[in-house]
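S.K.:
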Amino acid sequence: MKDGKKEQVEARNLHKDYGHRVIFKAMGFTSEELALPRIAVVNSWSEQSPGHSHLRALSEGVKAGIRMAGGMPFEINVIGPCSVLGANPGDMVFDLPQREAILASIESALHVGFCHGWVGIGSCDKIVPGMLLAALRLDRPFIFLGGGQMLPSDYEGERFGFVRGQEVVAQDLNRLQAGEISVEEYESRLEEITDCSGSSCGACGELTTGNSMQLLTEALGFSIPGSSTSVGVSAEKIWQSKETGKRIVDLARKQLKPSQIFTKESMKNAMAVEMAICGGTNSLVHLQSCVHEANIDCTLDDWDEMSRKVPALVYVAPSGPYVLFDMHRNGGVPVVMKKIGKYLDLTRPTVTGKTVGENLAKVKPVDSDVIRSLDNPVWGEGALAILKGNLAPRGAVTRHTVVDNKELLDAEFPARVFDTTAEVMEAIQGGRIKPGDAIVCRYQGPRGGPAMTECLGIIIALKSRKVKDVAVITDGRFSGWTKGYLAIGNVCPEAQVGGPLALVREGDKIRVDVPNRRLELQISDEEMKKRKAVWKPIDQSKITGTPLIYATQALQADQGAGWPVRWSDLDK
Numbered sequence: 029m030k031d032g033k034k035e036q037v038e039a040r041n042l043h044k045d046y047g048h049r050v051i052f053k054a055m056g057f058t059s060e061e062l063a064l065p066r067i068a069v070v071n072s073w074s075e076q077s078p079g080h081s082h083l084r085a086l087s088e089g090v091k092a093g094i095r096m097a098g099g100m101p102f103e104i105n106v107i108g109p110c111s112v113l114g115a116n117p118g119d120m121v122f123d124l125p126q127r128e129a130i131l132a133s134i135e136s137a138l139h140v141g142f143c144h145g146w147v148g149i150g151s152c153d154k155i156v157p158g159m160l161l162a163a164l165r166l167d168r169p170f171i172f173l174g175g176g177q178m179l180p181s182d183y184e185g186e187r188f189g190f191v192r193g194q195e196v197v198a199q200d201l202n203r204l205q206a207g208e209i210s211v212e213e214y215e216s217r218l219e220e221i222t223d224c225s226g227s228s229c230g231a232c233g234e235l236t237t238g239n240s241m242q243l244l245t246e247a248l249g250f251s252i253p254g255s256s257t258s259v260g261v262s263a264e265k266i267w268q269s270k271e272t273g274k275r276i277v278d279l280a281r282k283q284l285k286p287s288q289i290f291t292k293e294s295m296k297n298a299m300a301v302e303m304a305i306c307g308g309t310n311s312l313v314h315l316q317s318c319v320h321e322a323n324i325d326c327t328l329d330d331w332d333e334m335s336r337k338v339p340a341l342v343y344v345a346p347s348g349p350y351v352l353f354d355m356h357r358n359g360g361v362p363v364v365m366k367k368i369g370k371y372l373d374l375t376r377p378t379v380t381g382k383t384v385g386e387n388l389a390k391v392k393p394v395d396s397d398v399i400r401s402l403d404n405p406v407w408g409e410g411a412l413a414i415l416k417g418n419l420a421p422r423g424a425v426t427r428h429t430v431v432d433n434k435e436l437l438d439a440e441f442p443a444r445v446f447d448t449t450a451e452v453m454e455a456i457q458g459g460r461i462k463p464g465d466a467i468v469c470r471y472q473g474p475r476g477g478p479a480m481t482e483c484l485g486i487i488i489a490l491k492s493r494k495v496k497d498v499a500v501i502t503d504g505r506f507s508g509w510t511k512g513y514l515a516i517g518n519v520c521p522e523a524q525v526g527g528p529l530a531l532v533r534e535g536d537k538i539r540v541d542v543p544n545r546r547l548e549l550q551i552s553d554e555e556m557k558k559r560k561a562v563w564k565p566i567d568q569s570k571i572t573g574t575p576l577i578y579a580t581q582a583l584q585a586d587q588g589a590g591w592p593v594r595w596s597d598l599d600k
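In our numbering, the protein residues as written are 29 to 600.
Here is the structure:
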């Protein structure tokens, strides 16, 4: 480059940096600090959730680590969790819109080049994938620090947490409605159960969506090994916070970017870990959104292939009696990855500066009932099964490790068809759902939900009425808390865009064959075409606000159910 042009480039760069210097100096930062690697600490602290109310302390730990390594930290905030489970299944419609809002918030805050790297801090469902999506879009050095777990509780001789507490309360509600206990006895018991269902700040102790995503972010290579399962209010978590701060400065100096870590090979590593830990079904939606963001060729067929190879090993609720505290004490994600090492690509880089194999080199795979061995698994296949057939041409997913009656995994059901979650709840409360039925709850997908409704409330209602051996099939999602029932979600394509779920009629037979990965509506192709010819989508004109914006733009579940990334997505 000629000297004149070089000077022009340098002048432009200096002018570009002028505004950043003024802004930071106005807040008290010095020129000496501004000469250091600038690291954004993106914190989802809030007082809306125990998973986030302690994150200020972790942020201070991260910032201390950044300073120790010779960097300049500055903190920004993004929205924390907004969906606390309410009385109705329709209460949880903001999860995926919020994921996209977190992505947009971070992208818009950090898109200019005034920081050399960033750390994301969060715990719950949509925040973890929202930060992962932002990392992939910005492609700037990044580390994720999970907020960690609650301290465990014991009740009546068992590990206790949200899932178990939910079951006890549902049983007591049945006793109250049957006149076996008084309102006062019920309320006293409710107070007792809620005292020990959530024992401290930190994420709920089971393998729910948020926890599954924390563990999988570590498996991808974006978190310090062991940090996804540590207790949120522990000295260990502060140590990990400081180590995270030190590591991000090193990554910024070396310019190790998320695109170098997130590849199809690292995605397969995460899939393998998901199968082994018995993670929730929402992990599939969130990771597929990352795949779509990064433009990687990874489909539900890849998930199914991994499901058939890697057995379920982790006996943590809702798939078992233990909580994540127990998993951490038995080695956490590193021990899981060590045990399934033959299914992993050990050459993948991670934020430690080492490969997956180098991180695992000194890990000792101690066997326990919490993290089982390959020859003594919780389930012989991976926790998630991908189903396809004429009812789900592009796929559906179920977590078969949480199903109490395994005979339901290969059975035929009469369809009980509903277009809203409210209709389902009314039918359950009215005693119209019987053992052996398949509840088909449609128009709950990304565009029909709106916002891909989470259908846990249906499961809770079935439990409260003691209606067992029921399948629930939907184009909506299922919470990681789902337990006991055959819950088949993410049916794709969804009913709102004309997917086959829209064509099911009351009394139709549905064949579920999880061992062979099939989901079939027992009608002819000709009958399917006749029904499709007269079908019309449901009216969505009453949807308003954020769900409206989401529903008009969302992609299908197998693409991650997010907003478009590229112009070409608008045609899908």
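Note that the Cβ used here is the ideal one computed from N, Cα and C, for glycine as well. No experiment lies behind these values; they were computed from the predicted model shown.
Mapping DSSP to helix, strand and coil, what is residue 505?
M.R.: Correct three-state label for residue 505: strand.
S.K.: So which of 539, 528, 458 and 407 has the shortest CA-CA distance to residue 440?
M.R.: The option with the nearest alpha carbon to residue 440 is 539.
S.K.: Can the beta-carbon of residue 484 be found less than 9 Å from the beta-carbon of residue 499?
M.R.: Contact: no.
S.K.: Should residue 87 go down as buried or exposed, given a rule of 16 or more other Cβ atoms within 10 Å for buried?
M.R.: Flag for residue 87 reads buried.
S.K.: Within 10 Å of its beta-carbon, does residue 46 have 16 or more other beta-carbons around it, so buried, or fewer, so exposed?
M.R.: Counting Cβ neighbours within 10 Å, residue 46 comes out exposed, since fewer than 16 surround it.
S.K.: Taking 6 Å as the limit between beta carbons, can you name the residues of its chain near residue 153, skipping five residues before and five after?
M.R.: Excluding sequence neighbours, residue 153 sits near 123, 237 and 238.
S.K.: Helix, strand or coil for residue 57, going by three-state DSSP, please let me know.
M.R.: DSSP places residue 57 in coil when its eight states are reduced to three.
S.K.: Where does the unbroken beta strand (DSSP E) through residue 69 begin, and where does it stop?
M.R.: Note, residue 69: beta strand (DSSP E), 66-71.
S.K.: On the premise that residue 171 lies in contact with residue 102, defined as a C-beta separation below 8 Å, what is that separation, rounded to the nearest angstrom?
M.R.: Actually they are not in contact, since the Cβ atoms of residue 102 and residue 171 sit about 16 Å apart, beyond 8 Å.
S.K.: How should residue 315 be labelled, buried or exposed, when 16 other C-beta atoms within 10 angstroms of its C-beta is the threshold for buried?
M.R.: Burial call: buried.
S.K.: What residues in its chain sit with their C-beta under 7 Å from that of residue 531, if we drop five residues either side in the sequence?
M.R.: If we look at residue 531 and ignore the five residues flanking it on each side, its Cβ neighbours are 556, 559, 560 and 563.
S.K.: Just verifying my parser: in three-state terms, what is the DSSP assignment at residue 585?
M.R.: DSSP places residue 585 in helix when its eight states are reduced to three.
S.K.: Any idea which residues DSSP pairs residue 580 with across the strands?
M.R.: Looking at the DSSP assignment, residue 580 forms no beta bridge with any residue, so it has no partner.
S.K.: If I'm right that residue 527 touches residue 520 with Cβ under 8 Å, what's the distance once you round it to whole angstroms?
M.R.: 7 Å between Cβ atoms; contact.
S.K.: Among all the DSSP beta bridges, which residues are the ones paired with residue 23?
M.R.: Outside the shown range of the chain, which is 29 to 600, sits residue 23, and nothing can be said about it.
S.K.: Rounded to whole angstroms, what's the CA-CA distance from residue 365 to residue 62? Just pull it up for me.
M.R.: Approximately 40 Å between the Cα atoms of the pair.
S.K.: For residue 52, collect the residues of the same chain with a Cβ closer than 7 Å to its Cβ; drop the 5 residues on either side in sequence, then sort them by chain order.
M.R.: Excluding sequence neighbours, residue 52 sits near 62.
S.K.: Below 8 Å on the Cβ atoms is my contact criterion, and I expect residue 90 with residue 269 to pass it. Report the Cβ-Cβ distance as a whole number of Å.
M.R.: Yes, they are in contact, since the Cβ atoms of residue 90 and residue 269 sit about 5 Å apart, within 8 Å.
S.K.: Per the DSSP calculation, residue 181 is bridged to which residue(s)?
M.R.: Answer is 188.
S.K.: In the DSSP assignment, find the unbroken beta strand (DSSP E) run with residue 460 in it and report its ends.
M.R.: Premise fails: residue 460 is in no beta strand (DSSP E) and is neither H nor E.
S.K.: Using DSSP's beta-bridge definition, name the partner residues of residue 544.
M.R.: DSSP, once it has assigned bridges, lists no residue as partnering residue 544.
S.K.: What are the boundary residues of the beta strand (DSSP E) that residue 412 is part of?
M.R.: Its beta strand (DSSP E) spans residues 412-417.
S.K.: Within a Cβ cutoff of 8 Å, which residues of the same chain sit near residue 598, ignoring the five residues on either side of it in sequence?
M.R.: Closer than 8 Å at Cβ, skipping near neighbours: 592.
S.K.: Examine the Cβ distances between the segment 225-234 and the segment 254-271 and report whether three or more of them are shorter than 8 Å.
M.R.: In short, these stretches touch, since the Cβ pair count reaches three.
S.K.: Return the first residue and the last residue of the beta strand (DSSP E) that residue 420 is part of.
M.R.: 420-427 is the extent of the beta strand (DSSP E) around residue 420.
S.K.: Taking only three categories from DSSP, how would you classify residue 52?
M.R.: It is helical.
S.K.: Nearest to residue 324 by CA position, among 289, 355 and 375, is which residue?
M.R.: That would be 289, whose Cα lies nearest to the Cα of residue 324.
S.K.: Using only alpha-carbon positions, find the residue among 383, 195, 401 and 461 that is nearest to residue 368.
M.R.: It is 401.
S.K.: Should residue 352 and residue 306 be called a contact, given that it needs their Cβ atoms to be closer than 9 Å?
M.R.: Contact flag unset, no.
S.K.: Buried or exposed, going by whether 16 or more other CB atoms sit within 10 Å of the CB of residue 389?
M.R.: It is exposed - the Cβ of residue 389 has fewer than 16 other Cβ atoms within 10 Å.
S.K.: Relative to the alpha-carbon of residue 332, which residue among 419, 448, 413 and 58 has its alpha-carbon at the smallest distance?
M.R.: Of the listed residues, the one whose Cα sits closest to residue 332 is 413.
S.K.: Once the 5 residues before and after residue 393 are set aside, which same chain residues still bring their CB inside 6 Å of it?
M.R.: Same-chain partners within the cutoff: 363, 366 and 367.
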